[in-house]
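Asker: Structure incoming, see below.
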Amino acid sequence: MRILFLSNYPAWIKVSKGLMPSHHLFGIHQMIEKYAVDGTFATIKKEFGGGQVDFFNVNSPKDIIKIYLKSWRYDVIYDSLNVVSKYFSVLNKYHLLHSNLISIYHHPPFTKIMKYGRSNVSVFFSDRLLAEAQKDVSDNRIMVANYWYPDKSWYISNSNYQIVKSRDFMDNGKTGRDHDTFVAALRMAHASGVMVCNESQRDQYKANNADIEFFCQKHPNDLKVLPYINKCKVMVVPLDSTNRLMGPIGNTSYMDAIATGMPIICSNNASFADEIKNNNLGTTYCPRDVNSLYEAMKETIENYEFYHNNMIEFSNTHTINDYANNLIPLILRKTNL
823 MRILFLSNYP
833 AWIKVSKGLM
843 PSHHLFGIHQ
853 MIEKYAVDGT
863 FATIKKEFGG
873 GQVDFFNVNS
883 PKDIIKIYLK
893 SWRYDVIYDS
903 LNVVSKYFSV
913 LNKYHLLHSN
923 LISIYHHPPF
933 TKIMKYGRSN
943 VSVFFSDRLL
953 AEAQKDVSDN
963 RIMVANYWYP
973 DKSWYISNSN
983 YQIVKSRDFM
993 DNGKTGRDHD
1003 TFVAALRMAH
1013 ASGVMVCNES
1023 QRDQYKANNA
1033 DIEFFCQKHP
1043 NDLKVLPYIN
1053 KCKVMVVPLD
1063 STNRLMGPIG
1073 NTSYMDAIAT
1083 GMPIICSNNA
1093 SFADEIKNNN
1103 LGTTYCPRDV
1113 NSLYEAMKET
1123 IENYEFYHNN
1133 MIEFSNTHTI
1143 NDYANNLIPL
1153 ILRKTNL
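When we follow the numbering used here, the leftmost residue of the sequence shown carries the number 823, and every step to the right adds one.
Set out below in structure tokens:
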């Protein structure tokens, strides 16, 4: 079997070197026997039939054309960040694509891409997102909800030092984040925090006189962020949106929280908010509402051990291996629908 793995960020290079947890490859890592030294391809384990995974970073429309011209070489195109499916799903619908197309669909609305295109396998982060996409589908394509969970072993192997929880809350994200509400609630709670942000945001929020330690980085580096994660008690995911149906914004921070046993606070419209409430992994609050976030902070800290123990138990049975076990049989399917 030959698989073409597509993304718009070359996470496979860092995963292959152990610098990033494997969940950033969305289940493919669990199929791999060995990565090439330069990280451009990997060999597939014999238990899955052997073969090769080629990695491709999509940066421009020219890249999309290149991929199509060589697509006939592949059994499967795995579009992990939905970077080509807008185009390839249309080609696939009209039998103009040789490979099976497996697409992870991240952000709604899905109406146009479901109506005018077709992936052989369409993967969503939650049942709610899956249900939303199914409204516009009437054919026999495979559609699944595959909940994303972390590579816990990576966090354990890279936390070989004494962990001291010296900070209360962490806001570990940049995309679609409401830092203003986080800072205001942190001040109201007289609590300490860590914020991952860019340099201009650091300069802006320093003036608020909140007890915040800042970590700025131009390029993602999970190994450098991990010590900051480990020193905080609770992960906060404050989303800067009031939309009722959200894609997986904040899910990477959620992975960090699960893997390290951190209780989590998120706005109640996050894609994983129901899972947090149903499993008592933390608390939720109303987006852009400082008082609501303050109350959530207070509740979570007062019941820290309860949420912390629940998160540890949850992390033992929700891992990237579960994600991969659901995905791999779909990759190995031979039939092109």
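Using N, Cα and C, we set each Cβ at its ideal position, and we do this for glycine too. All figures in this text were calculated on a predicted structure; none of them were measured in a lab.
1) Serine 1093 and tyrosine 1107: beta carbons closer than 9 Å?
2) Tell me which same chain residues have a C-beta within less than 7 Å of the C-beta of valine 906, skipping the five on either side of it?
3) Nearest CA to the CA of threonine 1003: which residue from Ala955, Cys1054 and Val1058?
4) Buried or exposed: where does asparagine 968 fall if 16 or more other Cβ atoms within 10 Å of its Cβ makes it buried?
5) Tell me whether the beta-carbon of glycine 998 lies closer than 9 Å to the beta-carbon of leucine 951.
6) Measure the Cβ-Cβ separation of alanine 955 and tyrosine 927 and say whether it is below 9 Å.
7) Going by CA-CA distance only, name the one from Leu1152, His1140 and Val1047 that's closest to methionine 842.
8) Residues bridged to alanine 967 by DSSP?
9) Would you kindly work out how many angstroms separate the C-alpha atoms of isoleucine 935 and aspartate 1033, rounded to a whole number?
10) Please state whether the Cβ-Cβ distance between proline 832 and aspartate 1000 is less than 9 Å.
11) Just to confirm the assignment, what range does the beta strand (DSSP E) spanning asparagine 1113 have?
12) Taking the CB atoms as reference points, tell me whether phenylalanine 1128 and asparagine 1101 lie closer together than 9 Å.
13) Would a C-beta distance cut-off of 9 Å place aspartate 958 and phenylalanine 932 closer than the cut-off?
14) Closer than 8 Å is the cut-off here; do at least three beta carbon pairs connect the segment 1139 to 1155 with the segment 1024 to 1032?
15) Candidates Asn830, Phe947 and Ser1114: which alpha carbon is nearest serine 882's?
16) Going by other Cβ atoms of all chains shown within 10 Å of its Cβ, with 16 needed for buried, is glycine 872 buried or exposed?
17) Using the Cβ count rule (16 or more neighbours within 10 Å means buried), how would you classify serine 838?
18) Please classify asparagine 1020: is it buried, with 16 or more other beta-carbons within 10 angstroms of its beta-carbon, or exposed?
19) Which value, in whole angstroms, describes the spacing of the CA atoms of arginine 1155 and methionine 1084?
20) Using the Cβ count rule (16 or more neighbours within 10 Å means buried), how would you classify glycine 1015?
Answerer: Taking the definition as stated:
1) For this step, residue 1093 is matched to residue 271 along the sequence shown. For this step, residue 1107 is matched to residue 285 along the sequence shown. No, they are not a contact pair.
2) In the sequence shown, counting from the first residue as 1, residue 906 sits at position 84. So the list reads Leu828, Val880, Ile886 and Ile889, once near-sequence residues are dropped.
3) Residue mapping note: residue 1003 aligns to position 181 of the sequence shown, counting from 1. Among Ala955, Cys1054 and Val1058, the Cα nearest to that of threonine 1003 belongs to Val1058.
4) Sequence index remark: in the sequence shown, residue 968 carries index 146 (1-based). Its Cβ being crowded by 16 or more others within 10 Å, asparagine 968 is buried.
5) The count along the sequence shown starts at 1 and reaches residue 998 at position 176. The count along the sequence shown starts at 1 and reaches residue 951 at position 129. It is not a contact, given that the beta carbons lie outside the stated cut-off.
6) By one-based count along the sequence shown, residue 955 stands at place 133. By one-based count along the sequence shown, residue 927 stands at place 105. Contact check for alanine 955 against tyrosine 927 passes: the beta carbons are separated by less than 9 Å.
7) Within the sequence shown, residue 842 is the residue found at index 20, counting from 1. Ranked by Cα distance from methionine 842, the first of Leu1152, His1140 and Val1047 is Val1047.
8) By 1-based counting over the sequence shown, the position of residue 967 is 145. Paired residues: Phe946.
9) To locate residue 935, count along the sequence shown from 1; it is residue 113. To locate residue 1033, count along the sequence shown from 1; it is residue 211. Distance between the alpha carbons of isoleucine 935 and aspartate 1033 is about 45 Å.
10) To locate residue 832, count along the sequence shown from 1; it is residue 10. To locate residue 1000, count along the sequence shown from 1; it is residue 178. Judged by their CB atoms, proline 832 and aspartate 1000 are not nearer to each other than the 9 Å cut-off.
11) In the sequence shown, the residue the question calls residue 1113 occupies position 291. Run containing asparagine 1113: none in the beta strand (DSSP E); it sits in the alpha helix (DSSP H), 1112 to 1124.
12) By 1-based counting over the sequence shown, the position of residue 1128 is 306. By 1-based counting over the sequence shown, the position of residue 1101 is 279. Not a contact, by the Cβ cut-off of 9 Å.
13) Taking the first residue of the sequence shown as position 1, residue 958 is located at position 136. Taking the first residue of the sequence shown as position 1, residue 932 is located at position 110. Contact: yes.
14) No contact exists between the segment 1139 to 1155 and the segment 1024 to 1032.
15) Numbered from 1 along the sequence shown, position 60 holds the residue referred to as residue 882. Closest option to serine 882, Cα to Cα, is Asn830.
16) To locate residue 872, count along the sequence shown from 1; it is residue 50. For glycine 872, the number of other beta carbons within 10 angstroms of its own is below 16, and it is reported as exposed.
17) As a position in the sequence shown, residue 838 is number 16, starting the count at 1. Buried, by the Cβ-count rule.
18) Sequence index remark: in the sequence shown, residue 1020 carries index 198 (1-based). Counting every other CB atom within 10 Å of its CB across the protein chains shown gives asparagine 1020 a total below 16, marking it as exposed.
19) Residue numbering aside, residue 1155 sits at position 333 when the sequence shown is read from its first letter. Residue numbering aside, residue 1084 sits at position 262 when the sequence shown is read from its first letter. Between the C-alpha atoms of arginine 1155 and methionine 1084 there is a straight-line separation of about 37 Å.
20) As a first step, residue 1015 must be located in the sequence shown, where it is residue number 193. Counting every other CB atom within 10 Å of its CB across the protein chains shown gives glycine 1015 a total of 16 or more, marking it as buried.
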